[in-house]
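Read in order, the letters of the sequence shown correspond to residues -6 to 285 in my numbering.
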Amino acid sequence: MPELDINTLSEILSNTLLPKVFGSIFLILLLAIVKNLINRIIKKQVKSNRAIYKWQRVNANIIYGLAIVFLAIVWLTGIKSFTTFLGLLTAGLAFALKDIVADSAGYLFILIKQPFTVGDRIEINNIKGDVLQFDWFQITLLEVGNWVDAEQSTGRIVFVPMSKVLSEDIYNYSTGFDWIWNELKILVTLESDWKKAKSIITKAIKKEVETHNGDLEKGLKKAMQRHLIEYKNTDPIIYTKVVDSGVELHVRYLVKPKQRRLSEHNFWEKILDKFEKEEDIELAYPTFRYTK
């Protein structure tokens, strides 16, 4: 094997490697300038922030794809195998456009399977909210919950990449059966007449939900026609449990997702008014007793 002397190495660098390096740097700088110019045009011509984000993302992916193609041409010059070049080119394009492909697949999945639609309350990627709109690239949610109690709106708009519908679980509060089971805990002291308290709670919760019985029956029939959903009992249920601080009464009832907080508010006001009139019923709270 002939030895590689300094002159030969210098000739290889000057004739082969350096032109490709400088050519690559020139291409990257040129494409970066083109990308920034197009982004400026998008900002001037497009009014919606969501649309600006979408088109800038498309622009970036196209520029990255072109960069891979041009760099491949520069560095693979002299390779006679077209199959090798085509394979590397395809891999580069797939990498550059993978987000767009995943988002498009997610959008088609929603159109075909319809796991949710505009107006539904869903949870995806640990984010809960009402669907405002969705397109090829993202789902727009009006966030609920988080630091706000009882799943009311936070006022924030959240954008979830469309590809998440393929990789994350989707929880829909609205489609199929537009009711959820809600639970409240009422704790009375051990000395209280818990049976009377339970009777008062039963009357209060039945009065709270009876105004929705018609809608509940219609919703249940519709859900049973579409899904394998069967509830033998949709009436409110109260479970009794003894805990350290007293007798805990668990109220379980059906409510529309967006009316959960209002129903709790109405129920608690009725219960507090009723308990206030009863001398043998007292709400409990965690207590600690120290003995010497």
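We treat Cβ as the ideally placed atom computed from N, Cα and C, and that holds for glycine.
- Secondary-structure assignment with DSSP links L180 through a beta bridge to E241.
- Listed in chain order, the non-local C-beta contacts of A277 below 6 Å within the same chain comprise L180, V181, T182, S238, G239, local neighbours out to five positions each way being set aside.
- Setting aside the 5 residues that flank it on each side, K200 is surrounded in the same chain by K263, each with a C-beta closer than 8 Å to its C-beta; the list follows chain order.
- Closest by C-alpha distance to K249, out of N139, Y232, E144, V236, is E144.
- Linking K106 to K267 through their CA atoms gives a straight-line distance of about 48 Å.
- Taking a C-beta distance under 8 Å as the contact criterion, S167 and R254 do not qualify as a contact pair.
- According to DSSP, N118 shares a beta bridge with no other residue.
- Of the residues A25, D162, S17, E116, the one whose Cα lies closest to the Cα of W68 is S17.
- By the criterion of a C-beta distance shorter than 7 Å, Y246 is surrounded in its chain by N175, I198, V202, P229, once the five residues flanking it on both sides are discounted.
- In the three-state reduction of the DSSP assignment, G148 falls in the strand class, which pools E and B.
- Check the Cα spacing between L265 and each of K234, I194, T233: the tightest is with I194.
- Assignment of alpha helix (DSSP H) within the segment 87 to 115, counting only whole runs of 4 or more residues, yields 91 to 106 in chain order.
- Following the DSSP letters along the chain, one finds N165 inside the beta strand (DSSP E) bounded by residues 163 to 165.
- If you draw a straight line from the Cα of V141 to the Cα of T147, it comes to about 6 Å.
- Residue pairing by DSSP puts T133 in a beta bridge opposite Q126, F152.
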